[in-house]
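Undergrad:
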């Protein structure tokens, strides 16, 4: 079993982090905005779908909110 060397581990991690291509602030803000907008759109879609199903059930069976 190999002995763990914390200094070697830290050095390897720093080398890997240096290779990462980090997004710019602008790219981060744009993608965050898109995620929030699409989440809101999905929420509205599921709200409307739920209301439509609720209406159909109340028509078919005569109960529901």
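Numbering (UniProt numbering), first residue to last: 1 to 65.
Even glycine gets a Cβ: it sits at the ideal position worked out from N, Cα and C.
Note that the structure is predicted; figures quoted are calculated from it, not measured.
(1) For residue 29 and residue 38, what's the separation of their Cα atoms in angstroms?
(2) First and last residue of the alpha helix (DSSP H) that includes residue 33?
(3) Is DSSP giving residue 17 helix, strand or coil here?
(4) What would DSSP say about residue 4, mapped onto helix, strand or coil?
TA: Concretely, from the data shown:
(1) Position 29 of the chain shown holds residue 29. Position 38 of the chain shown holds residue 38. Rounded to whole angstroms, residue 29 to residue 38 spans 14 Å at the Cα level.
(2) The count along the chain shown starts at 1 and reaches residue 33 at position 33. It spans 25-61 - the alpha helix (DSSP H) in which residue 33 sits, taken as one unbroken run.
(3) Residue mapping note: residue 17 aligns to position 17 of the chain shown, counting from 1. Residue state, collapsed to three classes: helix.
(4) By 1-based counting over the chain shown, the position of residue 4 is 4. DSSP places residue 4 in coil when its eight states are reduced to three.
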